[in-house]
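Scroll down for the structure; my scribbles are underneath it.
4 protein chains.
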Amino acid sequence: MTIDEAPAVGGSPSRTEQETRRLLTELLGVFYTKGWVSGTGGGICGPADGGGLLLAPTGVHKERIRTDEFFTVDPADGHVVRRPDNPDLRPSECNSIFCLAVREREAGSVVHSHALSAVLAGDLAGAADHVAIRDLEMLKGIRGLTNRDVHLVPVIRNTPREAELVEQLTAVLADPRFAGAFAVVVADHGAYIWGADVWEAKRHTEVYHFLFEAAVARRDRGEERSR
Amino acid sequence: MTIDEAPAVGGSPSRTEQETRRLLTELLGVFYTKGWVSGTGGGICGPADGGGLLLAPTGVHKERIRTDEFFTVDPADGHVVRRPDNPDLRPSECNSIFCLAVREREAGSVVHSHALSAVLAGDLAGAADHVAIRDLEMLKGIRGLTNRDVHLVPVIRNTPREAELVEQLTAVLADPRFAGAFAVVVADHGAYIWGADVWEAKRHTEVYHFLFEAAVARRDRGEERSR
Amino acid sequence: MTIDEAPAVGGSPSRTEQETRRLLTELLGVFYTKGWVSGTGGGICGPADGGGLLLAPTGVHKERIRTDEFFTVDPADGHVVRRPDNPDLRPSECNSIFCLAVREREAGSVVHSHALSAVLAGDLAGAADHVAIRDLEMLKGIRGLTNRDVHLVPVIRNTPREAELVEQLTAVLADPRFAGAFAVVVADHGAYIWGADVWEAKRHTEVYHFLFEAAVARRDRGEERSR
Amino acid sequence: MTIDEAPAVGGSPSRTEQETRRLLTELLGVFYTKGWVSGTGGGICGPADGGGLLLAPTGVHKERIRTDEFFTVDPADGHVVRRPDNPDLRPSECNSIFCLAVREREAGSVVHSHALSAVLAGDLAGAADHVAIRDLEMLKGIRGLTNRDVHLVPVIRNTPREAELVEQLTAVLADPRFAGAFAVVVADHGAYIWGADVWEAKRHTEVYHFLFEAAVARRDRGEERSR
Chain A
1 MTIDEAPAVG
11 GSPSRTEQET
21 RRLLTELLGV
31 FYTKGWVSGT
41 GGGICGPADG
51 GGLLLAPTGV
61 HKERIRTDEF
71 FTVDPADGHV
81 VRRPDNPDLR
91 PSECNSIFCL
101 AVREREAGSV
111 VHSHALSAVL
121 AGDLAGAADH
131 VAIRDLEMLK
141 GIRGLTNRDV
151 HLVPVIRNTP
161 REAELVEQLT
171 AVLADPRFAG
181 AFAVVVADHG
191 AYIWGADVWE
201 AKRHTEVYHF
211 LFEAAVARRD
221 RGEERSR
Chain B
228 MTIDEAPAVG
238 GSPSRTEQET
248 RRLLTELLGV
258 FYTKGWVSGT
268 GGGICGPADG
278 GGLLLAPTGV
288 HKERIRTDEF
298 FTVDPADGHV
308 VRRPDNPDLR
318 PSECNSIFCL
328 AVREREAGSV
338 VHSHALSAVL
348 AGDLAGAADH
358 VAIRDLEMLK
368 GIRGLTNRDV
378 HLVPVIRNTP
388 REAELVEQLT
398 AVLADPRFAG
408 AFAVVVADHG
418 AYIWGADVWE
428 AKRHTEVYHF
438 LFEAAVARRD
448 RGEERSR
Chain C
455 MTIDEAPAVG
465 GSPSRTEQET
475 RRLLTELLGV
485 FYTKGWVSGT
495 GGGICGPADG
505 GGLLLAPTGV
515 HKERIRTDEF
525 FTVDPADGHV
535 VRRPDNPDLR
545 PSECNSIFCL
555 AVREREAGSV
565 VHSHALSAVL
575 AGDLAGAADH
585 VAIRDLEMLK
595 GIRGLTNRDV
605 HLVPVIRNTP
615 REAELVEQLT
625 AVLADPRFAG
635 AFAVVVADHG
645 AYIWGADVWE
655 AKRHTEVYHF
665 LFEAAVARRD
675 RGEERSR
Chain D
682 MTIDEAPAVG
692 GSPSRTEQET
702 RRLLTELLGV
712 FYTKGWVSGT
722 GGGICGPADG
732 GGLLLAPTGV
742 HKERIRTDEF
752 FTVDPADGHV
762 VRRPDNPDLR
772 PSECNSIFCL
782 AVREREAGSV
792 VHSHALSAVL
802 AGDLAGAADH
812 VAIRDLEMLK
822 GIRGLTNRDV
832 HLVPVIRNTP
842 REAELVEQLT
852 AVLADPRFAG
862 AFAVVVADHG
872 AYIWGADVWE
882 AKRHTEVYHF
892 LFEAAVARRD
902 RGEERSR
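Protein chains in written order, with this note's numbering: chain A, 1 to 227; chain B, 228 to 454; chain C, 455 to 681; chain D, 682 to 908.
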């Protein structure tokens, strides 16, 4: 990643769709290095010109997607309005989930993580429908939170196909306990994490992975958080 | 790794042998970074023109292999049909194992991993001849599986030389319990992981390493997978 | 990171402010890779020409800061004497903490880490106000210490805003038990680590993270350090 | 690291001293990424023209050493026969240890690791003077070993200065139990690992770190190695 070419200000929208395409492919490379996408699992979407959503194809090695390989879908219903030239590509199965987050939470960008830390954080929920995360400064990295908040991250059950997660996710997004959440953990699977634009989605993605790792590490040690 | 030059579509065969050679050397570099090959251990093979198999040399630092340093072997019997110019190079000890996977499972590419996670996953088997992996979305990354499957990964005993693993591996590949497996763990050693072509072998390699890490992490915590 | 262009001698001040700016941005990239800054959290400062302090902006992805995006502040009182052209940037919340370390410890450079290992090391303190680290050669990497020393690293409570940490930090810096410390852990948060110049701050940052990881690993295993 | 430019054949000596200098600096960069050298700790030496030993300077950030910053010392007694132009540089404290390994074991290259895994492996020794490593294929990566061997790695006590380790190391190198070892762990400190040339030292370095990590991971889980 070249430091001097990338815009530094979080929260600023990319200025052109081509910039967004470059940023999405670059972030998939970063996330691959961190182990958050692998084995063709995981993905990302971001804003296209004209209100559409740039969507990675399914079944491909995500860290190798080219800027001309995104689909553009209409977030109102997920139908494809523009497709890449390569006829072998099909749109990501995340489509319906991504569109739901865009519609219900005004997300401009959504990351789908296959990180082990997300799976292990989901295990912490046990029979509950959420994990409670507290006592961490990094909570301030989530829009609207302070480091004094107890943050409830919803955990939903995994289903055979990602599209079938929509029903559970719809319920979770309507649940007032989770109004402040920008992530949903899917047990045994990973997480969906979003933000108002690609930069906020990146920040939230990094913050939630830190929170997952911290929650798992503290549980492993069976220690109380003191102080 | 340059994102824009690499083909993105999993499952597409490389178009030329030279592309395959470049991809194999690149993947060895990626696997070295992830700790899956190191200390000259581990390796990879892929399809040569004319039905042969490109095979890395033995005893070399795998992340530094050059595209002109592969042997070409006949997978029918493993004999060398073309060798690199460098007279010091000898073909990898994986030869007979790789050829077996090619013949018995129609593998186009096989990865030999020396990852610690594969060794620790092998430890989980105890006296059994397999590890059962379940309750993970990443199972869908293995051809033919759903995330509801209980996937049995065979675990065989280590032997003084890799060629001597052939007898055990032959039995495992004929065992109907393991018909859906694209990997064999060798206890105290690592794993062999394959696919129809290099891209599928890469995807399976990433997926199985995730499964190994998840199985080990869940065992460590002694938790039941709920939900 | 290009090996041949970077000055190698630890302790030598950078020769120009522009070199310092380049080094600070490069180090943020290295620290991001290691997980010590992420999610826009963490930061760094270093010496500007004329006695000022180069300070990264707040709320930005730290590994992507450009060399022209630093603020220059007066360490006597933290007020901004020069600001970057980009009007959206605001100075880092670390400002008052960084200036305190500069004034009270003659620090030329301060790193703010959001590493999980720092948080977990803080957990080790329990109700105490410090963590004691001993029996490690890496202690010699901290100016003034031998590997026979028992090094007390102060641990302070986290507060809603970083500026409010100043009161606790002032007390810690005046405490003779911590006279040899070049780091303060903030529980549930991370650490501030400093040095006489950027190179010493880098060395101390790497050493303290090693010490945090070692202390946590040894505590997890519940082993006594023998020998 | 560029794959196509690096010589691939382990065991082949570099052809020129300048190549050796480049390789030593490159390996320090790789080891820094892996966490084996950090905080100016750790180091490496390799063969100079005319039978001398290229030695990194002390107190510098090892991953940033330039090819013109090595000292050349006479391994017979460690005295400096050629020094870099930079007058601020002093030869590494590893000098006497490195020379000892060169003289007593005909090492052509020695790596000094500050890896946490080496420290934790040293902890496993308890009151004993060695760690026994067995049941790992990676043992074959050490010259002369099979995967059926029980490999004894000597563990010596740490001392205030590295030069003072010489007495213990001299005893260890004369001990027939450790005749097959290419590494010595220094408790609370790290390890010295060597080979006949830089490539073998690299291979041994990677193999021993794998063995350290495996031994620690298996001890943590308290499992017996079965099969």
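Even for Gly, the Cβ is constructed at its ideal location relative to N, Cα and C.
Query - Nonlocal neighbours in the same chain, by C-beta distance under 8 angstroms from residue 18 (chain A), ignoring five residues either side - result: 67
Query raised in the report: DSSP on residue 551 (chain C), reduced to helix/strand/coil?
Result: helix
**Report entry** Environment of residue 373 (chain B) [buried if 16+ CB atoms lie within 10 Å]
**Finding:** exposed
Query raised in the report: Mapping DSSP to helix, strand and coil, what is residue 287 (chain B)?
Result: coil
Query - Residues from the region 866-884 of chain D in contact with chain C, defined by Cβ distance under 9 angstroms - result: 867, 868, 869, 870, 871
Report task. Could you tell me if residue 206 (chain A) is buried or exposed, where buried requires 16 or more neighbouring beta carbons within 10 angstroms of its beta carbon? Result -> buried
Query raised in the report: Comparing the C-beta of residue 362 (chain B) with each C-beta of chain A, is any distance below 8 angstroms?
Result: yes
Query - Residues of the region 712-723 of chain D whose Cβ lies closer than 7 angstroms to any Cβ of chain C, in chain order - result: 719, 720, 721, 722
Query raised in the report: Is the Cβ-Cβ distance between residue 113 (chain A) and residue 51 (chain A) less than 8 angstroms?
Result: no
Query raised in the report: Counting contacts by CB-CB distance shorter than 8 angstroms, is residue 573 (chain C) in contact with chain A?
Result: yes
Query - Contact with chain A by residue 614 (chain C), beta-carbon distance below 8 angstroms - result: yes
**Report entry** Nearest neighbour of residue 409 (chain B), chosen from B:337, B:292, B:364 [CA to CA]
**Finding:** B:337
Query raised in the report: Who does residue 885 (chain D) pair with in a DSSP beta bridge?
Result: DSSP output for residue 885 (chain D) lists no bridge partner at all.
**Report entry** Proximity below 8 angstroms, CB of residue 620 (chain C) to CB of residue 608 (chain C)
**Finding:** no
Query raised in the report: Does the distance from the CB of residue 482 (chain C) to the CB of residue 523 (chain C) come in under 8 angstroms?
Result: no
Query raised in the report: What is the residue span of the beta strand (DSSP E) that residue 216 (chain B) lies within?
Result: Look at the range of chain B in this structure, 228 to 454, and you will see that residue 216 (chain B) is not part of it.
Query raised in the report: Going by C-alpha distance, which of A:105, A:219, A:121 is nearest residue 186 (chain A)?
Result: A:121
Query raised in the report: For residue 90 (chain A), does the three-state DSSP call read helix, strand or coil?
Result: coil
Requested in this report: Report yes if the C-beta distance between residue 579 (chain C) and residue 585 (chain C) is below 8 angstroms; otherwise report no.
Outcome: yes
Requested in this report: Take the Cβ of residue 25 (chain A) as the centre, count every other Cβ of all protein chains shown within 10 Å, and call the residue buried at 16 or more, exposed below.
Outcome: buried
Query raised in the report: Can you give the Cα-Cα distance for residue 514 (chain C) and residue 494 (chain C), rounded to whole angstroms?
Result: 5 angstroms
Requested in this report: Can you pull the chain D residues whose beta carbon is under 7 angstroms from the beta carbon of residue 595 (chain C), in chain order?
Outcome: 720, 721, 722
Query raised in the report: In chain order, what residues of the region 498-519 of chain C put their CB closer than 8 angstroms to some CB of chain A?
Result: 511, 513, 514, 515, 517, 518, 519
Query raised in the report: When the Cα atoms are used, what is the spatial distance from residue 892 (chain D) to residue 342 (chain B)?
Result: 11 angstroms
Query raised in the report: Does residue 409 (chain B) get closer than 8 angstroms to chain A when you measure Cβ to Cβ?
Result: no
**Report entry** Alpha-carbon spacing of residue 190 (chain A) relative to residue 344 (chain B), whole angstroms
**Finding:** 20 angstroms
Report task. Spell out whether any CB of chain B is found under 8 angstroms from the CB atom of residue 24 (chain A). Result -> no
Requested in this report: Return the Cβ separation of residue 658 (chain C) and residue 649 (chain C) in integer angstroms, given the expectation that the two are a contact with Cβ distance under 8 angstroms.
Outcome: 5 angstroms
Query raised in the report: Are there 16 or more other CB atoms within 10 angstroms of the CB of residue 334 (chain B), so buried, or fewer, so exposed?
Result: buried
Report task. Report yes if the CB atom of residue 548 (chain C) is closer than 8 angstroms to the CB atom of residue 507 (chain C), and no otherwise. Result -> no
**Report entry** Delimiting residues of the beta strand (DSSP E) encompassing residue 876 (chain D)
**Finding:** 871-876
Query raised in the report: Quick one: Cα of residue 739 (chain D) to Cα of residue 175 (chain A), how far?
Result: 60 angstroms
Query - Option nearest residue 151 (chain A) by Cα separation, candidates A:133, A:216, A:161, A:104 - result: A:133
Report task. With DSSP as the reference, label residue 309 (chain B) as helix, strand or coil. Result -> strand
Requested in this report: Might you give, ordered along the chain, the residues of its own chain that have their beta carbon closer than 7 angstroms to the beta carbon of residue 623 (chain C), omitting 5 neighbours on each side?
Outcome: 551, 554, 610, 638
Query raised in the report: Quick one: what does DSSP say residue 585 (chain C) is sitting in, helix, strand or coil?
Result: strand
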